[in-house]
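Read through the structure below, which is laid out as C-alpha cells, and then see the notes.
Number of protein chains: 2
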Amino acid sequence: MLNPVTDAFAADLRTRLPAAVFRELTPAYLEEPRGRFRGQGGLLLAPGRVEEAAEIVRACATARVGIVPYGGGTGLVGGQILEAGPAPVIVTLERMRAIRAVHADENVLVAEAGCILTEVQDAAEAAGRLFPLSLASEGSARIGGLLSTNAGGVNVLRHGNARDLCLGIEAVLPDGSILKGLKRLRKDNTGYDLRYLLIGAEGTLGLITAAALKLAPRPARTGAALLAVRDPAAALALLALARDRVGEGISAFELIHRAGFDFIAETLPDLRRPFADPPDWTVLIDLGLGAGQDPGAALEGLFAEAFEAGLVSDGLVAQSEAQRHDFWMVRESIPLANRRIGAISSHDISVPLSAIPDFIAAAGPALASIGRFRINCFGHLGDGNLHYNVFPMPGETRADHEPRRSAIKRCIHDLVVSFDGSVSAEHGIGRMKVEDLERYGDPARLAAMRAIKAALDPAGIMNPGAVLRAPS
Amino acid sequence: MLNPVTDAFAADLRTRLPAAVFRELTPAYLEEPRGRFRGQGGLLLAPGRVEEAAEIVRACATARVGIVPYGGGTGLVGGQILEAGPAPVIVTLERMRAIRAVHADENVLVAEAGCILTEVQDAAEAAGRLFPLSLASEGSARIGGLLSTNAGGVNVLRHGNARDLCLGIEAVLPDGSILKGLKRLRKDNTGYDLRYLLIGAEGTLGLITAAALKLAPRPARTGAALLAVRDPAAALALLALARDRVGEGISAFELIHRAGFDFIAETLPDLRRPFADPPDWTVLIDLGLGAGQDPGAALEGLFAEAFEAGLVSDGLVAQSEAQRHDFWMVRESIPLANRRIGAISSHDISVPLSAIPDFIAAAGPALASIGRFRINCFGHLGDGNLHYNVFPMPGETRADHEPRRSAIKRCIHDLVVSFDGSVSAEHGIGRMKVEDLERYGDPARLAAMRAIKAALDPAGIMNPGAVLRAPS
Chain A
2 MLNPVTDAFA
12 ADLRTRLPAA
22 VFRELTPAYL
32 EEPRGRFRGQ
42 GGLLLAPGRV
52 EEAAEIVRAC
62 ATARVGIVPY
72 GGGTGLVGGQ
82 ILEAGPAPVI
92 VTLERMRAIR
102 AVHADENVLV
112 AEAGCILTEV
122 QDAAEAAGRL
132 FPLSLASEGS
142 ARIGGLLSTN
152 AGGVNVLRHG
162 NARDLCLGIE
172 AVLPDGSILK
182 GLKRLRKDNT
192 GYDLRYLLIG
202 AEGTLGLITA
212 AALKLAPRPA
222 RTGAALLAVR
232 DPAAALALLA
242 LARDRVGEGI
252 SAFELIHRAG
262 FDFIAETLPD
272 LRRPFADPPD
282 WTVLIDLGLG
292 AGQDPGAALE
302 GLFAEAFEAG
312 LVSDGLVAQS
322 EAQRHDFWMV
332 RESIPLANRR
342 IGAISSHDIS
352 VPLSAIPDFI
362 AAAGPALASI
372 GRFRINCFGH
382 LGDGNLHYNV
392 FPMPGETRAD
402 HEPRRSAIKR
412 CIHDLVVSFD
422 GSVSAEHGIG
432 RMKVEDLERY
442 GDPARLAAMR
452 AIKAALDPAG
462 IMNPGAVLRA
472 PS
Chain B
2 MLNPVTDAFA
12 ADLRTRLPAA
22 VFRELTPAYL
32 EEPRGRFRGQ
42 GGLLLAPGRV
52 EEAAEIVRAC
62 ATARVGIVPY
72 GGGTGLVGGQ
82 ILEAGPAPVI
92 VTLERMRAIR
102 AVHADENVLV
112 AEAGCILTEV
122 QDAAEAAGRL
132 FPLSLASEGS
142 ARIGGLLSTN
152 AGGVNVLRHG
162 NARDLCLGIE
172 AVLPDGSILK
182 GLKRLRKDNT
192 GYDLRYLLIG
202 AEGTLGLITA
212 AALKLAPRPA
222 RTGAALLAVR
232 DPAAALALLA
242 LARDRVGEGI
252 SAFELIHRAG
262 FDFIAETLPD
272 LRRPFADPPD
282 WTVLIDLGLG
292 AGQDPGAALE
302 GLFAEAFEAG
312 LVSDGLVAQS
322 EAQRHDFWMV
332 RESIPLANRR
342 IGAISSHDIS
352 VPLSAIPDFI
362 AAAGPALASI
372 GRFRINCFGH
382 LGDGNLHYNV
392 FPMPGETRAD
402 HEPRRSAIKR
412 CIHDLVVSFD
422 GSVSAEHGIG
432 RMKVEDLERY
442 GDPARLAAMR
452 AIKAALDPAG
462 IMNPGAVLRA
472 PS
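Shown next as C-alpha cells:
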C-alpha cells in the first residue's frame, strides 16, 4: 500500500531541492481534455534537472508515495490523472525544456522531456530538418508524455510512432537511479531494450527526462489532396494505387467521414469548408517529395487514374501551401468539433488494414441494436487506425445515453478484437482502459507485464493504477 | 543452480512429445562460425509446433534444466553455444519452417521461427513484395535467431534492424506460457511492448516461435556504384550529398577499406575484382527507386557532383543487374576472406555518425602501441556501424598474437566508448561480450536488466549465461 504525501514529506524535500521545484497545484493539473477524470490534490513538483527528478523519485520510493508523471496534460485516457487513493506527488517536466543538442549532420536532436512538440519541430526546422511526429495536440503535448504514451498521429504511415523516432532516452527508474541512455546510435545490440520498454509504459516503469530523437530530411516539395472515395474499400484501393505511384513519398493518408465535415459546420462555422456538399467518405492524402518531383502532378495523375478506376468521384488538389494548410486545418479540427458535440463513447482502435471495410460495415448495425446514434469514423487509414466515435442524435445529449455507454464501448471493442485488432491504437491504456486490457489482453502477456512492473517498481509508486491495476 | 539434462528427463519427455521432436545431436550444433566456442553435449529437441515448444519449456522449468535456443547457428558471439555447466536442452526451431500467411495487401508476412531468411525473402518476392532484411549469412540464418539477436545487415539505413521489421511475435515465455502476440497492426498501444523486449534478448527471456514481419514494396528499379573516396570524412560527405539528391531511395551505403579487396585477392582469387588497383577507401552505394526514376542517371549525377567537390576520385556505376550483383558479391565476400586470413580480434562497433572519421583516425595509432597488425575496417557506414577487425601481418598467425588479443579488444572498445559508441552494434552480447557489457554498460540499465531476467525467468533456464552472467 502507498502512503499519502504529507507536510512532513514536503518539508523534508524542501531541505534537499531548490525552491523552484515546488509549484502551486492549480486546477489545470487535475483536469483532462474530455473531462472524464478529475484529479485529487497532492504535491506538485517541477524538477529542473534529471538529478532533481531522481531525488524526488528516491524520496517517494523511500516513503512509498505515489508519483503521477505529468507532460502536457493532453492524454485522453486519464494516464495523467489520479482520482482516488493516497494523495500523490505530481511531477511535471515543464521546467526541463531545453533542446540539449542538434546534430543536423546525423539527423539527431536531443530534447528534454518538457519540450513541447512544436518546439522540437521548430528546432528541427531551424536546422533544415524535419521532426515528423505530428498530431492535433502538438501545441501542448510534451516530449516526455509523447514518448511515454508512444504517441502516433498523422505521419506514422511514413515515419512510425514516437517509439520509432527515438534513439535513446534518459530516465529516472522507480528506485531513483538514472538510466543514462541518451545514445544517438542507429545500431546498438547490447542487451535488453529498456528504451522501448519505457516508451509506451505510460510512466509506470520510470520517468523519461530526455530523449535523443530521429530527424528526417525536410521534403523539398509537399502537396495534398482531398479525394471523395466511394467507400472504405475504395479508400484502401486508393492507398494501394498511391503506393504504387508515389511509393515512400506518402506522408499521411487520412480517412474522413461526412460526419466530420458536418460536425465542423455545426460547431466551427467560421472554418473554411472544402466541399459545399461533403461526400460520405473522403481521403486526405499528403505528399512530401524530393526537389525533382512534382507533388501536384503526382496527385492529379493519381486522381485521374483513381477516377478512371471508379474509386474516386470528386476531388480537390491543393493549389498552394495555404490550401494544403486549409485541408489539414479541417482534418485537425475534427477532434475539437467532436468535443463540442460531445461523444457518448470514443474508440481509438486499429484492425489489420484489409479488415477495415468489414469492420466499418459491421460496426454500424451492431450499434443500431443498442440505439440510434451519430457516428464519426475518421483517422489514420494508412495505419489501420480509426477513431470510431459515437455521438447522440441532434437534440439529445451524451448524458441521455450514459446508461448505454458501457454497452457501446463493449460492442465496438468486442468487434475490434474479433478482427484481431487493438482497443487502443495510439492513446494508450491510462486509467480508462485498464479493464479492457484485462478483458482482451493475452494472459501470458499480462502476467509478464505484472512481473516486470513488480520487478522494477516493487512498491508500485510509479503512476499507480495506470496500465495495470494497483495491487490491493 | 540448474540441473543437467538426464536420461530420466528425456524419457519422461518422450512420453509427452512425438518422436520427430527428438533429434541426434550432431557436431554442427556445437560449433560456431569462428570456432571460438565449442558446445558440450545435451539433448537436442526440435519442436514442430508452438505447443510442443511450450511443453519442452515447461518441463525444463520444472526440472530446472537450461535451454539453449538454436536458430541457424550463424551467430558470432557464442549466444547459441553453451560450453560449460550442467548439460542443457538445445532447442532447434528448424521444424517450424512454415510461412503461415502472406498478406500482400497489408505488406505483412507471418513466418515461423525456423524459416531461413532467404525463404522469407523468396516468399515476399513471390507476392511482389520485399522483405528488406539482408545480410551475409542469409542463406543459413533463421528468423527466430535473426529476431532474437535483432539482426542488422546492409539495409538498416533504409528499413531498420530486425526489430523494426516485426509487427508481432509468438513466443514461449520461460514459464512455458505462450505469448500470443502475432498481431499485424501498425499501431497498438496496449501496455508494455514485450515484443521489442524479447527481440534482442538473445533467447534469455523466451523462445520466439513465429513472427508477423513487415514487407516493403519492391523497388521498381535498382542500381549500385562503387565510388573511391578520399577518406572516411569524404564518405560521410558523400552520404549527405546522396541523401540530398536521392533521399529515401538509398538502400545501402557501405564502406570498404583496401584491405577488404586485398584479402579477397589473397583468399578468393576466382572472384571478379572491380578495381585493378583498389583505392584505400571505397563506398558501395545501392539504390532502389520507383518506376519513373533512373538509378543509373542518379548515380552518374552523384558521381559527377562528388568528383567536382573532390570527395570521389574514381568510380564504377553498375551497367547491369549482373554487375550490381558482382559489386555486392565483393562486399558480401569480405567476411569469408576475413575468416580465411584469421582475425586476431573482431569488433562490431558503432559510433555516432559524425564521429566515424575521428574514431578511425584514432584507432590505428592506438593499436600501433600494442603491435604491428593489418586492419580491415568495413561496414555499414550509413548506420555508423563498422566492423573493425585486426589481423596478423603476412607470415604471422592469429595464434602468435593470442597474448595480445584482450589488449587489442580493450583498446578498441575503450575508444568506442569514449566516442559514446556501442561495443556490439549488430552481433549482440552472446557469451563473448558479457564482460564488456558489465564493464561498459550503464549500471542502472544493467540492474534493471537483471531484475527483468529474474522476474520472467526466476530459475534462469533460458539461454543461461548469455547476455547476463548466470547467478552463481
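Going down the list, the protein sequences come from chains A and B.
The first sequence begins at 2 in my numbering and counts up one residue at a time.
The second sequence begins at 2 in my numbering and counts up one residue at a time.
The beta-carbon is built from N, C-alpha and C at its ideal position, and this holds for glycine as well.
Just so it is clear, the structure is predicted and the values come from calculations on it, not from any experiment.
From A229(B) to L368(B), what does the alpha carbon distance come to, in whole angstroms? Distance between the alpha carbons of A229(B) and L368(B): 25 Å.
For G153(B), decide whether its Cβ has a neighbour in chain A, counting only Cβ atoms nearer than 7 Å. Chain A, which has a Cβ nearer than 7 Å to the Cβ of G153(B), makes this yes.
May I ask you to list the residues that DSSP assigns as paired with N4(B)? The beta-bridge partner set that DSSP reports for N4(B) consists of V66(B).
Under 8 Å from the C-beta of S419(A): neighbouring residues of chain B: Within 8 Å of the CB of S419(A), no CB atom of chain B is found; the nearest one sits about 14 Å away.
Can you tell me the Cβ-Cβ gap for I170(B) and A212(B), rounded? I've got them flagged as a contact below 8 Å. Confirmed, Cβ separation roughly 5 Å.
Are the stretch 272–285 of chain A and the stretch 340–354 of chain A touching by the rule of at least three beta carbon pairs closer than 8 Å? These segments do not touch.
Beta carbon of R432(B), beta carbon of L195(A): below 7 Å? Against a cut-off of 7 Å, the Cβ pair of L195(A) and R432(B) comes out as no contact.
What residues match up with W282(B) in a beta bridge as DSSP calls it? In DSSP, W282(B) forms a bridge with V230(B), H258(B).
Which residues of chain A have a Cβ atom closer than 8 Å to the Cβ of M2(B), listed in chain order? Correct list: empty, because the minimum Cβ distance to chain A is about 21 Å.
Taking S252(A) as the query, report the chain B residues whose CB atoms sit under 7 Å from its CB, ordered along the chain. Simply none; closest approach about 12 Å.
Relative to the alpha-carbon of F262(B), which residue among G289(B), R231(B), L227(B) has its alpha-carbon at the smallest distance? The shortest Cα separation from F262(B) among G289(B), R231(B), L227(B) belongs to L227(B).
Under the rule that 16 or more other beta-carbon atoms within 10 Å means buried, what is D271(A), buried or exposed? By the neighbour-count rule (16 or more Cβ atoms within 10 Å), D271(A) is not buried but exposed.
Please classify R17(A): is it buried, with 16 or more other beta-carbons within 10 angstroms of its beta-carbon, or exposed? By the neighbour-count criterion, in which 16 or more other beta carbons inside 10 Å mark a residue as buried, R17(A) falls on the exposed side.
From A30(B) to P87(A), what does the alpha carbon distance come to, in whole angstroms? The question names Ala, but residue 30(B) is Tyr in the sequence shown. Y30(B) and P87(A): Cα-Cα distance of roughly 56 Å.
Any chain A beta carbon closer than 7 Å to A323(B): No, no contact with chain A.
Would D232(A) pass as an interface residue toward chain D - the criterion being a Cβ-Cβ separation below 7 Å? Although the question refers to chain D, the structure presented lacks it and instead comprises the protein chains A and B.
Can you pull the chain B residues whose beta carbon is under 9 Å from the beta carbon of H104(A), in chain order? Against chain B, the beta carbon of H104(A) has neighbours under 9 Å at P353, L354, S355, listed in chain order.
Can you confirm whether M450(A), when its beta carbon is compared against all beta carbons of chain B, has any partner nearer than 7 Å? Chain B contact via Cβ: present.
Where P218(B) falls: helix, strand or coil (DSSP): Three-state DSSP puts P218(B) in a strand.
Mapping DSSP to helix, strand and coil, what is H326(A)? Reduced to three states, the DSSP call for H326(A) is helix.
Closer than 9 Å, Cβ to Cβ, to anything on chain A: give me those residues from the stretch 237–271 of chain B, in chain order. Listed in sequence order: L237, A241, R244, D245, R246, V247, G248, E249, G250.
For the stretch 386–414 of chain A, which residues have a beta carbon sitting closer than 8 Å to at least one beta carbon of chain B? Listed by position, the residues of the stretch 386–414 of chain A near chain B (Cβ gap below 8 Å) are N386.
Examine chain A for any beta-carbon lying closer than 7 Å to the beta-carbon of R57(B), and answer yes or no. It is Ile, not Arg, that sits at residue 57(B) in the sequence shown. No, no contact with chain A.
Distance, A114(B) Cα to R96(B) Cα: The straight-line gap from Cα to Cα measures roughly 9 Å.
For I350(A), write down the residues that DSSP places opposite it in a beta bridge. L387(A), per the DSSP bridge assignment.
Once DSSP output is grouped into helix, strand and coil, what is the label at H428(B)? Three-state DSSP puts H428(B) in coil, outside helix and strand.
On the three-pair Cβ rule with 8 Å, is the stretch 424–438 of chain B touching the stretch 370–377 of chain B? Touching, no.
Quick one: what does DSSP say G27(B) is sitting in, helix, strand or coil? The sequence shown places Thr at residue 27(B), rather than the Gly named in the question. DSSP places T27(B) in coil when its eight states are reduced to three.
Cβ atoms of T150(B) and E203(B): under 7 Å apart, would you say? In this structure, T150(B) lies closer than 7 Å to E203(B) by Cβ.
Have a look at G177(A), D106(A), P48(A) and flag the residue whose alpha-carbon is nearest the alpha-carbon of P444(B). By alpha-carbon distance to P444(B), the top candidate from G177(A), D106(A), P48(A) is G177(A).
Is the beta carbon of L303(B) closer than 7 Å to that of R244(B)? Cβ distance not < 7 Å, so R244(B) and L303(B) don't count as in contact.
Could you give the distance in angstroms between the alpha-carbon of L199(A) and the alpha-carbon of R340(B)? Their backbone Cα atoms lie some 39 Å apart in a straight line.
Helix, strand or coil for A9(B), going by three-state DSSP, please let me know. For A9(B), the three-state secondary structure derived from DSSP is helix.
Below 7 Å between beta carbons: does that hold for I462(B) and A456(A)? Against a cut-off of 7 Å, the Cβ pair of A456(A) and I462(B) comes out as no contact.
Using Cβ-Cβ distances below 7 Å, what residues of the stretch 170–188 of chain B are close to chain A? If the cut-off is 7 Å between Cβ atoms, the stretch 170–188 of chain B has L174, S178, I179, L180, K181, G182, K184, R185, L186, R187, K188 near chain A.
Quick check on M450(B): buried or exposed, where buried means 16 or more other Cβ atoms within 10 Å of its Cβ? Under the 10 Å beta carbon count, M450(B) is surrounded by 16 or more other beta carbons and is classified as buried.
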